[in-house]
Amino acid sequence: MVQMKKRTKSETRRRRSHQALKAKVLVKCPQCGQLILPHTACSFCGTYKGKPVGQVKGAKVKTAKKAAKEAKAETKDKSQNKKK
Ligand SMILES: [Zn+2]
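Quick note: the sequence shown, position 15, residue 166 per my numbering, numbers continuous.
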């Protein structure tokens, strides 16, 4: 096979000027604070804009009981810190 025409350095460089990878844009989930892609449901807590959107694969959805337990634990921690 024979090359049709030699590509100049500038042609090659111009073409490759668009090949750089860009950093992913991430935003904080308003519900759990994890970094997620914008305009998508959170895969960590299964919410979109702070509202639950059904089951998301691999998401751990908080039940009312669990949330109450966690709140209790947090208040306990705070009271313990005050004693110190
Ligand atoms: Zn989330």
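Virtual Cβ for every residue (Gly too), placed ideally from N, Cα, C. The structure displayed is predicted, hence computed values, not measured ones.
Checklist entry - With DSSP run on the structure shown, which of helix, strand or coil describes residue 156? => result coil
Next on the checklist: Out of 190, 202, 183, 164, which one is the CA nearest neighbour of residue 176?
Outcome noted: 190
Item to check | Cα-Cα separation between residue 185 and residue 160, rounded to whole angstroms | outcome: 45 Å
Checklist entry - Which residues are close to ligand 1, meaning CB closer than 7 Å to any heavy atom, in chain order? => result 180, 182, 183, 185, 187, 193, 195, 196, 198
Next on the checklist: For residue 197, count the other beta carbons within 10 Å of its own beta carbon; 16 or more makes it buried, fewer makes it exposed. Which is it?
Outcome noted: buried
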